[in-house]
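One structure below.
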Amino acid sequence: MSTRAKSKSPGPERTEERRGLLRDARSRLRHELDEIRAAQGRLETGSFSVCEVCRRPIPVPRLRAVAWARACVTCRSQDERR
Ligand SMILES: [Zn+2]
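So this is what it looks like as structure tokens:
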């Protein structure tokens, strides 16, 4: 049985790429946090979990996936086609 030690450190360009991934993850999470805060605001105004486009309640399975969703799947997919 051989235990292969991963002693090779990534090259400089690889390190930069890895840092970039971390930056991407951070900005993604920051954006999600903004969306969550906005959703909390909508909770107070009573418009939370209501589709901004068709004004119908967003189905719970959709909210399970994205609790801060602004639009239902139908409206969202129409929006993405633009
Ligand atoms: Zn909708």
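Residue 1 in this note's numbering sits at position 1 of the sequence shown; the count goes up by one each step and never skips.
Glycine residues also receive a C-beta, built at the ideal position from the N, C-alpha and C atoms.
At a cut-off of 7 Å, the beta-carbon of Ala71 counts as near ligand 1: some heavy atom of the ligand is closer than that. Remark: C-beta atoms of Arg62 and Val73 approach each other more closely than 8 Å. The beta carbon of Arg30 is closer than 7 Å to none in its chain, skipping five residues each way along the sequence. A direct Cα-Cα distance of roughly 33 Å separates Leu33 from Ser9. In this chain, the alpha helix (DSSP H) harbouring Ser27 covers 12 to 45. Secondary structure at Pro61: helix, using DSSP grouped into helix, strand and coil.
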